[in-house]
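Visitor: Would you mind keeping the following structure in view while I ask a few things?
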Amino acid sequence: MQTQAEIFEYAGFWVRVAATLIDTLLIMLITLPLLWSIYGADYFESTAILNRSADFIISWLMPAVGVIVFWMVKQATPGKMALSLRVLDADTGNSLSAGQSVGRYLAYFVSMLPLFIGIIWVAFDKKKQGWHDKLAGTVVVRAKNRAPEKVQFPSAL
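For the sequence shown, position 49 matches number 30 in the working numbering, and the numbering has no gaps at all.
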(Lines of atoms letter the chains of each structure in order from A and count residues from 1; the text may use other names and numbers.)
(Lines give C-alpha, C1' and ligand atoms only; values in the text may rest on other atoms or scores of the structure.)
Protein backbone atom coordinates (compact mmCIF):
# COMPACT_ATOMS: atom_id res chain seq x y z
CA MET A 1 0.00 0.00 0.00
CA GLN A 2 1.20 3.50 -0.83
CA THR A 3 1.99 5.83 2.04
CA GLN A 4 1.49 9.58 1.89
CA ALA A 5 5.25 10.18 1.66
CA GLU A 6 5.69 8.02 -1.43
CA ILE A 7 5.65 9.79 -4.77
CA PHE A 8 5.74 7.57 -7.83
CA GLU A 9 6.44 7.91 -11.52
CA TYR A 10 5.41 5.45 -14.21
CA ALA A 11 8.14 2.95 -15.10
CA GLY A 12 9.20 3.18 -18.73
CA PHE A 13 9.72 0.58 -21.41
CA TRP A 14 13.45 -0.14 -21.05
CA VAL A 15 13.54 -0.53 -17.27
CA ARG A 16 10.61 -2.94 -17.59
CA VAL A 17 12.46 -4.88 -20.30
CA ALA A 18 15.47 -5.13 -17.97
CA ALA A 19 13.24 -6.42 -15.15
CA THR A 20 11.74 -9.01 -17.50
CA LEU A 21 15.20 -10.19 -18.55
CA ILE A 22 16.19 -10.64 -14.90
CA ASP A 23 12.98 -12.60 -14.23
CA THR A 24 13.50 -14.76 -17.32
CA LEU A 25 17.04 -15.58 -16.25
CA LEU A 26 15.88 -16.51 -12.73
CA ILE A 27 13.07 -18.71 -14.08
CA MET A 28 15.53 -20.47 -16.39
CA LEU A 29 17.98 -21.01 -13.52
CA ILE A 30 15.21 -22.84 -11.66
CA THR A 31 13.37 -24.70 -14.43
CA LEU A 32 16.23 -25.90 -16.63
CA PRO A 33 18.06 -27.83 -13.88
CA LEU A 34 14.73 -29.34 -12.79
CA LEU A 35 13.96 -30.50 -16.32
CA TRP A 36 17.52 -31.79 -16.73
CA SER A 37 17.36 -33.76 -13.47
CA ILE A 38 14.03 -35.36 -14.42
CA TYR A 39 14.55 -36.04 -18.14
CA GLY A 40 18.28 -35.75 -18.83
CA ALA A 41 19.95 -34.14 -21.84
CA ASP A 42 17.57 -35.80 -24.33
CA TYR A 43 14.83 -33.44 -23.20
CA PHE A 44 16.63 -30.44 -24.71
CA GLU A 45 16.96 -32.08 -28.13
CA SER A 46 13.21 -32.35 -28.62
CA THR A 47 11.33 -29.74 -30.67
CA ALA A 48 7.93 -30.42 -29.07
CA ILE A 49 6.34 -27.59 -27.06
CA LEU A 50 5.29 -29.99 -24.29
CA ASN A 51 7.43 -33.07 -24.10
CA ARG A 52 6.54 -35.09 -21.09
CA SER A 53 4.22 -35.20 -18.08
CA ALA A 54 6.08 -32.86 -15.71
CA ASP A 55 6.97 -30.47 -18.52
CA PHE A 56 3.72 -28.47 -18.31
CA ILE A 57 3.99 -28.13 -14.54
CA ILE A 58 7.66 -27.07 -14.52
CA SER A 59 7.73 -24.93 -17.67
CA TRP A 60 4.33 -23.26 -17.55
CA LEU A 61 2.44 -23.69 -14.28
CA MET A 62 5.24 -23.10 -11.73
CA PRO A 63 6.46 -19.84 -13.35
CA ALA A 64 2.88 -18.55 -13.67
CA VAL A 65 2.04 -19.29 -10.03
CA GLY A 66 5.34 -17.79 -8.89
CA VAL A 67 4.82 -14.54 -10.80
CA ILE A 68 1.22 -14.19 -9.62
CA VAL A 69 2.16 -14.80 -5.97
CA PHE A 70 5.03 -12.29 -6.16
CA TRP A 71 2.69 -9.64 -7.62
CA MET A 72 0.18 -10.20 -4.81
CA VAL A 73 2.62 -10.47 -1.89
CA LYS A 74 5.59 -8.27 -2.86
CA GLN A 75 3.96 -6.03 -5.52
CA ALA A 76 6.76 -7.07 -7.87
CA THR A 77 8.65 -9.99 -9.31
CA PRO A 78 12.33 -10.38 -8.32
CA GLY A 79 13.40 -8.55 -11.49
CA LYS A 80 11.12 -5.63 -10.73
CA MET A 81 12.26 -5.62 -7.08
CA ALA A 82 15.90 -5.47 -8.21
CA LEU A 83 15.07 -2.31 -10.16
CA SER A 84 12.78 -0.82 -7.48
CA LEU A 85 9.61 -1.22 -9.55
CA ARG A 86 6.17 -2.06 -8.18
CA VAL A 87 2.99 -3.32 -9.83
CA LEU A 88 -0.04 -1.59 -8.32
CA ASP A 89 -3.76 -1.24 -8.89
CA ALA A 90 -4.17 1.69 -11.30
CA ASP A 91 -7.12 3.17 -9.39
CA THR A 92 -6.14 2.75 -5.74
CA GLY A 93 -2.36 2.27 -5.69
CA ASN A 94 -2.88 -0.86 -3.57
CA SER A 95 -1.58 -4.38 -4.10
CA LEU A 96 -3.20 -6.44 -6.82
CA SER A 97 -6.05 -8.79 -6.02
CA ALA A 98 -5.81 -12.46 -6.96
CA GLY A 99 -8.20 -11.92 -9.88
CA GLN A 100 -6.26 -8.90 -11.08
CA SER A 101 -2.98 -10.82 -10.88
CA VAL A 102 -4.30 -13.82 -12.81
CA GLY A 103 -5.94 -11.49 -15.33
CA ARG A 104 -2.72 -9.54 -15.82
CA TYR A 105 -0.75 -12.74 -16.37
CA LEU A 106 -3.23 -14.07 -18.93
CA ALA A 107 -3.42 -10.65 -20.61
CA TYR A 108 0.31 -10.93 -21.40
CA PHE A 109 -0.64 -13.47 -24.06
CA VAL A 110 -3.05 -10.95 -25.61
CA SER A 111 -0.27 -8.34 -25.55
CA MET A 112 2.20 -10.68 -27.26
CA LEU A 113 0.01 -12.19 -29.98
CA PRO A 114 0.03 -9.33 -32.49
CA LEU A 115 3.83 -9.05 -32.85
CA PHE A 116 4.31 -7.87 -29.24
CA ILE A 117 2.47 -4.62 -30.01
CA GLY A 118 0.75 -4.74 -26.62
CA ILE A 119 4.15 -4.90 -24.91
CA ILE A 120 5.76 -2.21 -27.08
CA TRP A 121 2.73 -0.03 -26.30
CA VAL A 122 4.39 0.76 -22.96
CA ALA A 123 6.92 2.97 -24.77
CA PHE A 124 4.22 5.25 -26.20
CA ASP A 125 1.48 5.25 -23.58
CA LYS A 126 1.03 8.29 -21.30
CA LYS A 127 0.85 6.06 -18.19
CA LYS A 128 3.41 3.58 -19.58
CA GLN A 129 0.77 0.83 -19.59
CA GLY A 130 0.94 -2.18 -21.86
CA TRP A 131 -2.26 -3.84 -23.02
CA HIS A 132 -1.93 -6.34 -20.16
CA ASP A 133 -1.84 -3.42 -17.70
CA LYS A 134 -4.87 -1.76 -19.27
CA LEU A 135 -6.86 -5.01 -19.31
CA ALA A 136 -6.02 -5.77 -15.66
CA GLY A 137 -6.23 -2.19 -14.39
CA THR A 138 -2.60 -2.04 -13.25
CA VAL A 139 0.37 0.30 -13.48
CA VAL A 140 4.08 -0.28 -12.98
CA VAL A 141 5.72 2.48 -10.96
CA ARG A 142 8.90 3.42 -9.17
CA ALA A 143 9.71 6.02 -6.56
CA LYS A 144 10.25 9.46 -8.04
CA ASN A 145 13.49 11.28 -7.22
CA ARG A 146 15.27 8.02 -6.43
CA ALA A 147 18.66 9.71 -6.31
CA PRO A 148 20.41 9.56 -2.96
CA GLU A 149 20.92 12.69 -0.94
CA LYS A 150 23.40 15.08 -2.52
CA VAL A 151 26.91 14.68 -1.09
CA GLN A 152 28.43 17.82 0.38
CA PHE A 153 31.97 18.03 1.68
CA PRO A 154 32.43 20.60 4.49
CA SER A 155 35.91 21.69 3.39
CA ALA A 156 34.69 22.42 -0.15
CA LEU A 157 32.15 25.00 1.03
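Just so you know, even glycine gets a beta-carbon here, dropped at the ideal spot from N, CA and C.
Run through DSSP, which three-state label would Ala29 get?
Guide: Coil at Ala29, not helix or strand.
Visitor: What residue does the beta strand (DSSP E) around Thr119 start on, and which one ends it?
Guide: From DSSP, the beta strand (DSSP E) with Thr119 extends over 119 to 124.
Visitor: Can you name the start and end residues of the beta strand (DSSP E) that Phe(-11) belongs to?
Guide: Here the beta strand (DSSP E) through Phe(-11) covers -11 to -9.
Visitor: Using the Cα positions of Val121 and Met43, report the straight-line distance between them to the nearest angstrom.
Guide: Computed Cα separation, rounded: 23 angstroms.
Visitor: Note down the Cα distance separating Arg85 from Ile3, rounded to an integer number of angstroms.
Guide: Taking the straight line joining both Cα atoms gives about 19 angstroms.
Visitor: Would you check if the distance between the CB atom of Ala57 and the CB atom of Gln110 is smaller than 9 angstroms?
Guide: Against a cut-off of 9 angstroms, the Cβ pair of Gln110 and Ala57 comes out as no contact.
Visitor: Just list the alpha helix (DSSP H) runs in the region 11 to 58, keeping only unbroken ones of 4 residues or longer that don't cross its boundaries, in chain order.
Guide: As far as the region 11 to 58 is concerned, its whole alpha helix (DSSP H) runs of at least 4 residues are 34 to 37, 43 to 55.
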